[in-house]
Amino acid sequence: MSNPYRSHTCNDLRATHAGQTVRLAGWIHNKRDLGGVLFIDLRDHYGITQIVIPPTAGFQDTLSHLPKETVISVHGLVRPRPEGTVNPNISTGEVELDVQGYDLLGSCQPLPMNVFPEDHTPEETRLKYRFLDLRRTKLHQTVMLRAKVISSIRRRMIELGFQEFQTPILTSSSPEGARDFLVPSRLYPGEFYALPQAPQQFKQLLMVSGFDRYFQIAPCFRDEDGRADRTPGEFYQLDVEMSFVTQDDVFAAIEKLMIPLFTEFKAEWPINATPEGAFVRIPYKESMLRFGTDKPDMRIPFEISDLTPLFAKSEFKAFAGKTVRAFAVPQAFDQPRSWFDNLQEEAKKLGAPGLAYVKAEAMLSPESTGGYGIKLSGPVSKFLEKDPEVYAGLVALIAASTAYDPANKLSYLDRISPTVIFFSADANETKAAKVLGAMRVKIAEQLNLIEKNVFKFAWIVDYPMFELHEETKAVEFSHNPFSMPQGGLEALEKQDPLTIYAYQYDLVCNGYEVASGAIRNHRPEIMYKAFALAGHDQTVVDTEFAGMINAFKYGAPPHGGIAPGIDRIVMLLADEHSIREVIAFPMAQNGRDLLMNAPSPVSEKQLKEVHLTIRKPVPKV
RNA sequence: GGAGCCAUAGCUCAAUUGGUUAGAGCGCCUCCCUGUCACGGAGGAGGUUGCGGGUUCGAGCCCCGUUGGCUCCGCCA
């Protein structure tokens with residue numbers, strides 16, 4: 285009846301247990317052999333207990349030679365630690381176990397990495413021996429945090445009136461979006477299932493079926509390459525869909541989830557929500573201008589300004605007639621030349637011709653305008669000084685970017701602190717914006733200007749419904765083809781497609797896209813029209829989205845939803861910068877599982893069963 | 001598909017411009033030590049410098065290729 289391995293966990297014993305005979309089981313965390321007495325820290329999931337093996341015990345020498353991470357079970361007498369030897373760092377530190385006997389439950393070979401102490405270890409080793417890495421306190425607790433976050437999300441979603449559903453894992457390939465993972469069919473030679481990129485169509489069908497409020501912690505599969513914040517292959521979404529809602533209703537529901545959730549796990553980090561509990565909303569176009577990205581990190585204290593009009597007729601050929609964006613960073617003023625050179629290289633890697641900058645500081649200029657002015661220096665300063673209009677524009681930018689209190693009657697000169705203005709110019713507006721957006725983050729990281737211990741959320745709204753294909757110049761969907769265009773059918777019929785916005789939105793936090801969603805297009809006639817504008821006729825919709833468009837013809841409610849990324853939420857709450865730190869068994873960046881050796885070849889028999897022959901790529905000569 | 005960075009003992013790192021026998025800490029092994037908790041002390045084993053080629057009197061260091069990992073671009077409706 286009693287458990288053969290343990291009567292208590294390694295976090296149970298307190299002074300009140302003194303005198304009891306107990307049994308503990310766990311890993312040998314650390315050993316201290318003092319010659320006479322032997323101390324072993326025994327560790328399990330719950331904690332650490334010090335066990336003591338006296339010299340009189342016949343097995344002391346054997347235990348002393350068991351390597352770290354051996355699994356043992358010990359029994360003995362709980363006793364208070366002698367005066368002055370209490371360890372306040374562990375919760376069981378008032379007591380120790382006087383061991384009377386032990387069982388060896390799992391022996392341990394020489395370790396490829398230390399579990400304790402938690403030395404820095406290359407990620408390759410950590411991924412290959414993930415089961416050891418997961419024993420270490422840091423990762424063990426992150427994985428526990430993830431478990432608690434998911435549990436909290438489930439509880440909160442149910443409290444908010446949502447129901448959890450399952451949807452198929454083996455489904456059909458969808459022509460839009462990322463590359464699919466395919467699963468060959470045994471019963472239907474030459475046909476394939478696809479793993480879902482998201483349960484998108486299923487959750488919409490659940491709304492058509494009248495279920496009203498759906499959620500699921502859903503695995504999503506996309507055959508795309510990894511990044512620091514994106515796993516290759518698979519990830520988890522909190523998939524959400526609601527009927528009879530507007531965009532505002534979806535926002536309100538998610539705000540009611542996210543703010544309490546983030547507060548539960550990081551109470552000490554402020555969240556930039558209104559007193560009513562709403563996140564700021566930023567239109568997509570505005571975000572691209574102010575931050576050069578649609579996932580702005582608003583912890584960075586400087587923003588981008590548009591200087592295009594200033595240079596419209598400039599003689600400075602590098603800027604003239606192009607989209608010119610700029611930001612000022614006072615903290616960069618004292619950086620060495622090599623630092624600026626390095627930034628140039630970074631900008632070039634992003635496809636920019638370079639990164640123009642000019643140093644600016646206040647000066648007394650008795651000769652010219654009114655006794656003060658801005659002195660410019662640096663590689664392009666002479667081009668910028670020449671044009672009075674450009675010069676005035678830069679002065680305005682500097683004044684605006686320099687922190688000062690307007691009520692304080694400081695002189696103009698005092699308000700201007702030395703600063704550096706960085707420029708990006710490109711004939712392509714998007715490219716000019718994106719390059720400077722990337723440099724904004726890079727510079728803020730390098731100069732340590734990103735505000736710490738804070739969550740800055742924003743809704744990015746009003747995504748364009750359509751955009752021009754870069755090469756063909758054809759109109760195509762810019763995001764989700766299932767989104768409802770703002771203005772409905774009338775907008776599609778009368779407006780220039782490129783001016784139509786979609787009810788499509790992202791939630792961003794600290795520079796990460798944490799959720800993406802839309803109010804869906806549930807009206808077949810609007811769907812056909814939207815696809816027609818993107819160059820697809822009705823048969824394309826009817827064949828490729830047959831299940832959904834068909835359902836919409838039998839009474840579909842207006843509906844919309846969103847899908848927050850679970851991995852990224854945990855990443856933010858764990859204050860980690862690599863998504864692999866919040867996943868128990870992540871793949872390496874190249875999509876390989878170093879622990880399980882996936883992907884791996886399969887037998888000829890297995891291939892035959894699913895009617896496949898392998899066509900290997902021809903090696904390059 | 002492309003670019004950059006990294007690879008030295010089981011692990012973390014060192015090794016001046018290319019120059020003697022490639023070092024240290026942790027871990028491991030042996031021994032000493034009865035109150036430690038990152039215990040302490042003495043000694044020892046452990047290396048084809050990821051792999052293949054090249055330059056050189058001489059390569060851990062320079063060059064080319066390759067493998068693996070990371071970061072980024074493309075990709076991510």
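So for the first sequence, my numbering puts the first residue at 285; every next one is plus one.
Yeah, the Cβ is synthetic: ideal placement off N, Cα and C, and Gly gets one too.
None of the values given here were measured: they were computed from a predicted structure.
Do you know offhand how far residue i's Cα is from residue j's?
i, j, result
"V886", "V894", "11 Å"
"V825", "S767", "14 Å"
"N794", "I853", "11 Å"
"N295", "L857", "25 Å"
"N626", "L731", "13 Å"
"Y520", "L634", "30 Å"
"H763", "A799", "14 Å"
"I850", "V719", "29 Å"
"E673", "L594", "7 Å"
"G303", "E552", "41 Å"
"L416", "P394", "12 Å"
"A644", "T455", "59 Å"
"D464", "F505", "7 Å"
"Y472", "P559", "58 Å"
"D382", "K422", "29 Å"
"R410", "F528", "48 Å"
"D345", "V355", "17 Å"
"N373", "L297", "14 Å"
"S695", "I682", "Its pLDDT being 46, under 50, S695 is placed unreliably in this model, and the value from its coordinates should be taken loosely. The straight-line gap from Cα to Cα measures roughly 15 Å."
"Q484", "M491", "11 Å"
"I803", "E525", "9 Å"
"F611", "P870", "38 Å"
"A711", "A462", "29 Å"
"A309", "N874", "39 Å"
Could you pull the DSSP bridge partners for residue i from this structure?
i, result
"I803", "G844"
"M526", "R497, G844"
"V792", "A742, E797"
"W311", "R327, V355"
"P769", "A786"
"V467", "Y477"
"T305", "L361"
"Y520", "P503"
"F707", "A610, A640"
"G849", "Q521"
"Q334", "D325"
"F761", "F750"
"V492", "DSSP output for V492 lists no bridge partner at all."
"K659", "E645"
Which word fits residue i, buried or exposed, when buried means at least 16 other C-beta atoms lie within 10 angstroms of its C-beta?
i, result
"R439", "exposed"
"P883", "exposed"
"F446", "buried"
"W623", "exposed"
"Y838", "exposed"
"S435", "exposed"
"Y787", "buried"
"Q890", "exposed"
"T823", "exposed"
"K693", "Per-residue confidence for K693 stands at a pLDDT of 39, beneath the threshold of 50, marking its modelled position as unreliable; the derived number appears in the next sentence. Exposed is the call here."
"E865", "buried"
"V564", "exposed"
"R899", "exposed"
"N287", "exposed"
"T426", "buried"
"L878", "buried"
"H329", "exposed"
"T515", "buried"
"M428", "exposed"
"L545", "buried"
"K597", "exposed"
"R414", "buried"
Compute every distance between the C-beta of residue i and the non-hydrogen atoms of the ligand ZN, then say whether any falls below 7 Å.
i, result
"L395", "Within the structure as shown, the ligand ZN is missing, as the structure has no ligands at all."
If we count Cβ pairs, one from each stretch, closer than 8 Å, do we get three or more for the region 741 to 752 versus the region 554 to 570?
yes
Extract the residue ranges of the alpha helix (DSSP H) inside the region 336 to 369, only unbroken runs of 4 or more that lie entirely within it.
344 to 348
List in chain order: all unbroken alpha helix (DSSP H) runs of 4+ residues lying wholly within the region 711 to 741.
713 to 730
Just list the beta strand (DSSP E) runs in the region 605 to 641, keeping only unbroken ones of 3 residues or longer that don't cross its boundaries, in chain order.
607 to 612
Under 8 Å: do the region 735 to 742 and the region 656 to 670 share three or more Cβ pairs, one atom per stretch?
no
With three or more C-beta pairs closer than 8 Å as the rule, is the region 493 to 500 touching the region 446 to 459?
yes
Inspect the CB distances between the region 531 to 546 and the region 664 to 682 and report whether three or more fall short of 8 Å.
no
Three or more beta-carbon pairs under 8 Å between the region 602 to 618 and the region 777 to 784, yes or no?
no
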